[in-house]
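Q: Quick note on the UniProt record's numbering: the sequence shown kicks off at 1 and runs consecutively.
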Amino acid sequence: MKNPFVHYEKKITFLLLFLILLLAAANLINLSLLKRAEDRLNTELSQTLQFVAKTAIDYVERDEFQQDALEKLLIRKGVSKVFAIDPKTRLIMSAPPLVDPLSQPLWNGFSKRNLARLWMGTPSFSGLYKGKEGTFKAYALPFGTGRAKNILFVEGDARFLDVLQSGYRAGVAFTVCIFFMAAVVGLLYFRAVVEPYRKISQSASHLYEAAEKMGEVEFAVESFETVVRELKEKETLLEKLYSKSRNRADDLERFTKHILESIPTGVFSFDTTGKIAYSNQAGKEILNGIPRRTLRPLVDAALKEGETYLSKEIEIRDGRYLGISSSILRDPKGRTTGVTLLFRDITEMKNLEEEIAFKEKMAALGEMSAGLAHEFRNSLASILGYAKLLKRSLKSASKRPYVTALLEECLSMESTIKRFLDFSRPDRIDVEEFDLSTLLSEVIRGFKEPIQKKAITVRCKIPRKRLMTRGDPRLLRRAFMNVIQNAIEATMENGLIRVAVSEKDAGYSIRITDNGAGMKDEVKKKVFTPFFTTKRSGTGLGLSIVQKIVAAHRGSVSLSSTYGRGTTVLISLPGGIT
Ligand SMILES: Nc1ncnc2c1ncn2[C@@H]1O[C@H](COP(=O)(O)OP(=O)(O)O)[C@@H](O)[C@H]1O
Ligand SMILES: [Mg+2]
Numbered sequence: 001m002k003n004p005f006v007h008y009e010k011k012i013t014f015l016l017l018f019l020i021l022l023l024a025a026a027n028l029i030n031l032s033l034l035k036r037a038e039d040r041l042n043t044e045l046s047q048t049l050q051f052v053a054k055t056a057i058d059y060v061e062r063d064e065f066q067q068d069a070l071e072k073l074l075i076r077k078g079v080s081k082v083f084a085i086d087p088k089t090r091l092i093m094s095a096p097p098l099v100d101p102l103s104q105p106l107w108n109g110f111s112k113r114n115l116a117r118l119w120m121g122t123p124s125f126s127g128l129y130k131g132k133e134g135t136f137k138a139y140a141l142p143f144g145t146g147r148a149k150n151i152l153f154v155e156g157d158a159r160f161l162d163v164l165q166s167g168y169r170a171g172v173a174f175t176v177c178i179f180f181m182a183a184v185v186g187l188l189y190f191r192a193v194v195e196p197y198r199k200i201s202q203s204a205s206h207l208y209e210a211a212e213k214m215g216e217v218e219f220a221v222e223s224f225e226t227v228v229r230e231l232k233e234k235e236t237l238l239e240k241l242y243s244k245s246r247n248r249a250d251d252l253e254r255f256t257k258h259i260l261e262s263i264p265t266g267v268f269s270f271d272t273t274g275k276i277a278y279s280n281q282a283g284k285e286i287l288n289g290i291p292r293r294t295l296r297p298l299v300d301a302a303l304k305e306g307e308t309y310l311s312k313e314i315e316i317r318d319g320r321y322l323g324i325s326s327s328i329l330r331d332p333k334g335r336t337t338g339v340t341l342l343f344r345d346i347t348e349m350k351n352l353e354e355e356i357a358f359k360e361k362m363a364a365l366g367e368m369s370a371g372l373a374h375e376f377r378n379s380l381a382s383i384l385g386y387a388k389l390l391k392r393s394l395k396s397a398s399k400r401p402y403v404t405a406l407l408e409e410c411l412s413m414e415s416t417i418k419r420f421l422d423f424s425r426p427d428r429i430d431v432e433e434f435d436l437s438t439l440l441s442e443v444i445r446g447f448k449e450p451i452q453k454k455a456i457t458v459r460c461k462i463p464r465k466r467l468m469t470r471g472d473p474r475l476l477r478r479a480f481m482n483v484i485q486n487a488i489e490a491t492m493e494n495g496l497i498r499v500a501v502s503e504k505d506a507g508y509s510i511r512i513t514d515n516g517a518g519m520k521d522e523v524k525k526k527v528f529t530p531f532f533t534t535k536r537s538g539t540g541l542g543l544s545i546v547q548k549i550v551a552a553h554r555g556s557v558s559l560s561s562t563y564g565r566g567t568t569v570l571i572s573l574p575g576g577i578t
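1) Cα-Cα, which of Glu522, Leu411, Gly121 and Ala138 is closest to tyrosine 129?
2) With a threshold of 6 Å on Cβ separation, who are the neighbours of threonine 347 within its own chain once the five nearest residues in sequence on each side are excluded?
3) Could you please give the first and the last residue of the uninterrupted alpha helix (DSSP H) stretch that includes glutamate 360?
4) Closest to glycine 127 by C-alpha separation, out of Ser111, Gly134 and Pro142, would be which residue?
5) Let me check one thing: in DSSP terms, what residues is tyrosine 321 bridge-paired to?
6) Near isoleucine 451, which residues of its chain fall below 7 Å by C-beta distance, leaving aside the five closest residues on each side in sequence?
7) Considering only heavy atoms of ligand 1, does any lie closer than 7 Å to the CB of aspartate 514?
8) Could you tell me the distance, in whole angstroms, from the CA atom of glycine 540 to the CA atom of serine 262?
9) If you run the structure through DSSP and keep just helix, strand and coil, what is glycine 507?
10) What would DSSP say about glutamate 230, mapped onto helix, strand or coil?
11) Could you give the DSSP three-state label for arginine 470: helix, strand or coil?
12) State buried or exposed for valine 79, treating a residue as buried only when at least 16 other CB atoms are found within 10 Å of its CB.
13) Look up serine 457 in the DSSP assignment and say whether it is helix, strand or coil.
14) Please find out if some non-hydrogen atom of ligand 1 comes closer than 7 Å to the beta-carbon of methionine 519.
15) Given a threshold of 16 other Cβ atoms within 10 Å of its Cβ, counted over all protein chains shown, does isoleucine 510 qualify as buried or as exposed?
16) Please classify glutamate 133: does DSSP put it in a helix, a strand, or coil?
17) Looking only at C-alpha atoms, which of Lys88, Ala373 and Ala455 sits nearest to isoleucine 417?
18) Just reading off the alpha helix (DSSP H) that serine 561 is part of, what are its end residues?
19) Assuming glutamine 477 contacts leucine 439 (C-beta within less than 8 Å), just tell me the rounded distance between them.
20) Comparing C-alpha positions only, which one of Ser269, Gly283 and Leu241 sits nearest to alanine 277?
21) Looking at the C-beta of serine 311, does it have a partner C-beta in chain C at a distance below 8 Å?
22) Alanine 552 lies in the beta strand (DSSP E); which residues open and close that run?
23) Cβ-heavy atom distance between glutamine 485 and ligand 2 below 7 Å?
24) Just tell me which of Asn42, Thr272, Thr513 and Ala140 has its CA closest to the CA of aspartate 86.
25) Mind reading off the beta-carbon distance from glycine 495 to leucine 573? Whole number of angstroms is fine, and I expect it under 8 Å.
26) Taking residue 596 as the reference, give the member of Ile57, Ile328, Asp157 and Ile75 with the closest Cα.
27) In whole angstroms, what separates the C-alpha of glutamate 375 from that of alanine 381?
28) Once you ignore the five residues that flank threonine 562 on each side, which residues in its own chain have a CB closer than 7 Å to its CB?
29) Under the DSSP definition of a beta bridge, which residues are partnered with asparagine 150?
30) Would you call the CB atoms of isoleucine 286 and aspartate 345 closer than 8 Å?
31) Verify the contact flag: asparagine 482, CB atom, against every heavy atom of ligand 1, threshold strictly below 7 Å.
32) Just curious, the beta strand (DSSP E) that glutamate 493 is in, first and last residue?
33) Please confirm whether any heavy atom of ligand 1 lies closer than 7 Å to the CB of lysine 535.
34) For the alpha helix (DSSP H) holding alanine 116, just list the boundary residues, first then last.
35) Any idea what DSSP makes of phenylalanine 447, helix, strand or coil?
Below you can see the structure in the form of structure tokens.
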């Protein structure tokens, strides 16, 4: 089996070349035939001219010149003219008769050298020369006996040469035309004709190369198998790509799910009917026990009115708050496909905010009260002065108790105002070295009376040595007094109060525990708030003062309490305060 396209190009080239060569050869043969014909005619003409010349000389040299016979010979031999001249160029004879032999165009056929040789006796053919009527040929034959010879000229008609020459020229022109046309055709059309076949040939050649090595059936089977093999390879590749993209999608889904499941924010996704399409673990935990319909208004607002929120606070129940942001899910064409809600439990944050607001309010109130208290104390000082004056100058003994009562009330009020001012005034601490163990013992001893009254047991776990530390003993005494007083107040009869001191780092931890009433959570949150009290006669300043004093010593105070079981207050004081 052969590839028909492979040699197509060559074939066309050869065909064209062959045609060109054929034409050129035919033309050359033509030209050579013309040449041979010309040579022959030329030779014949020369022979005729020689013959006529010799015959004419014969006639001239005979005694009687036969003009008629010569003219007949001329006509018979097809020779146009003959004439003879003597060395002085005088006409000896001519046929047909000539007037002026020197004006003949025939002379053009002989060079000066030829003519000189003619006078010397050498016969000569003229070249060809052109007259008005065409090409002619002349033969000159010297004759006579003198040193200078007579010359006989014979002129023959060589116009056949003109015809042959035109034939020549036409032949050459034709050849040139053939080559030119071949070149033009080759240049213009050859490429255009061959190019498509060449491309086909190129693309087909590898097939034919393969095909040449085997039989046609084998080739067909092989080709079919190759196609099937290639298809299978492509299928495997596609499968690989598919599984790769599927794995990637799975990975992405897992990753997204992992993120959604591990963030502390609740994520709920709803479809267009408002049904939950997805909910993450955090979301379920946050909404634990709360009906999903609580979120319904937000979903409806997004689905029906396109209303979304960046951060909306809603109260769910038991004073718990959620911060929710909603967004509409859309497909690439912009159609709504659902709603996503992101939410967090912001109860604690909300409480903190409330607490801060409350503290700020309290601070403002405290500042105002302090100003007021200051004013009161000044007025009270005057009232006290006047009351004392009144008591001294009062004569009526029956009215003295009133003035005494007035004085006592004034003094009590002054002490309250002083305590209040002590609290609100920024603390200035006078640091000195003191023994913590002695200070605590003294404080406890100071409560001897109420302790005995309630039959409270006080268990002290204080190292039996001096616990020297630095700080303001007066302020710290006040702090411990407040804590112990609270413990006594909270403890029932026969209760137990434990005071324990331990050394911690370079400082001390003082733990005061009672097994009294304890506190509810909402009380526990507010105990350090100034003026917060659950007692009828309480000021609500006790623990606030404790916190303030401990903070001034760069220590910390914490409180743990279980309602109905008791309370522990832990005060930590760092050592080395200056
Ligand atoms: N050891 C305690 N046991 C139970 N409740 C306590 C204890 N200490 C403090 N409290 C609670 O903290 C509140 C604030 O205490 P405090 O600041 O000392 O003010 P006050 O004693 O004047 O009420 C108290 O009213 C009480 O409800
Ligand atoms: Mg108190």
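Where a beta carbon is used, it is the ideal one built from N, C-alpha and C, also for glycine.
A: Working from what's here:
1) Looking at the Cα atoms, Ala138 is the closest of the given residues.
2) In the same chain as threonine 347, and ignoring 5 residues on each side of it, the C-beta atoms closer than 6 Å to its own belong to Arg320 and Tyr321, in chain order.
3) First-last of the alpha helix (DSSP H) with glutamate 360: 347-393.
4) Closest option to glycine 127, Cα to Cα, is Ser111.
5) Tyrosine 321 is bridged to Glu315.
6) The beta carbon of isoleucine 451 is closer than 7 Å to those of Val458 and Ile488 in its chain, skipping five residues each way along the sequence.
7) Because some heavy atom of ligand 1 lies under 7 Å away, the Cβ of aspartate 514 counts as near it: yes.
8) Roughly 44 Å separates the two Cα atoms.
9) It is a strand residue.
10) The answer is helix: DSSP assigns glutamate 230 an H, G or I state.
11) Here DSSP, grouped into helix, strand and coil, assigns arginine 470 to strand.
12) Under the 10 Å beta carbon count, valine 79 is surrounded by 16 or more other beta carbons and is classified as buried.
13) For the record, residue 457 in the displayed sequence is threonine; it is not serine. Threonine 457: strand per DSSP, three-state reduction.
14) The closest heavy atom of ligand 1 lies less than 7 Å from the beta carbon of methionine 519.
15) Residue environment for isoleucine 510: buried (at least 16 other C-beta atoms within 10 angstroms of its C-beta).
16) In this structure, DSSP gives glutamate 133 a state outside helix and strand, which the three-state scheme calls coil.
17) If we check each option's Cα against that of isoleucine 417, Ala373 comes out closest.
18) Taken as a continuous stretch (DSSP letters only), serine 561 belongs to no alpha helix (DSSP H), being part of the beta strand (DSSP E) at 556-562.
19) Reading off the sequence shown, one finds arginine at residue 477, where the question assumed glutamine. About 6 Å; that satisfies the 8 Å criterion.
20) Ranking Ser269, Gly283 and Leu241 by Cα distance to alanine 277 puts Ser269 first.
21) No chain C is part of this structure, which consists of one protein chain only.
22) Alanine 552 -> not in any beta strand (DSSP E); alpha helix (DSSP H) instead, spanning 542-552.
23) Glutamine 485: yes, Cβ under 7 Å from ligand 2.
24) Ranking the options by Cα distance to aspartate 86, first place goes to Ala140.
25) In this structure glycine 495 is not in contact with leucine 573, their Cβ atoms being roughly 26 Å apart against a cut-off of 8 Å.
26) An answer regarding residue 596 cannot be provided, because it is not within the stretch 1 to 578 covered by the chain.
27) Their Cα atoms are separated by approximately 10 Å.
28) Counting only Cβ-Cβ distances below 7 Å, and skipping sequence neighbours, we find Gly518.
29) Answer by DSSP bridge pairing, in chain order: Phe143.
30) Taking a C-beta distance under 8 Å as the contact criterion, isoleucine 286 and aspartate 345 qualify as a contact pair.
31) Yes; taking the cut-off as 7 Å, the Cβ of asparagine 482 has a heavy atom of ligand 1 nearer than that.
32) It is not in any beta strand (DSSP E) - glutamate 493 carries neither H nor E in the DSSP assignment.
33) Distance from the C-beta of lysine 535 to the nearest heavy atom of ligand 1 is below 7 Å.
34) Segment 112-120, the alpha helix (DSSP H) holding alanine 116.
35) Residue state, collapsed to three classes: coil.
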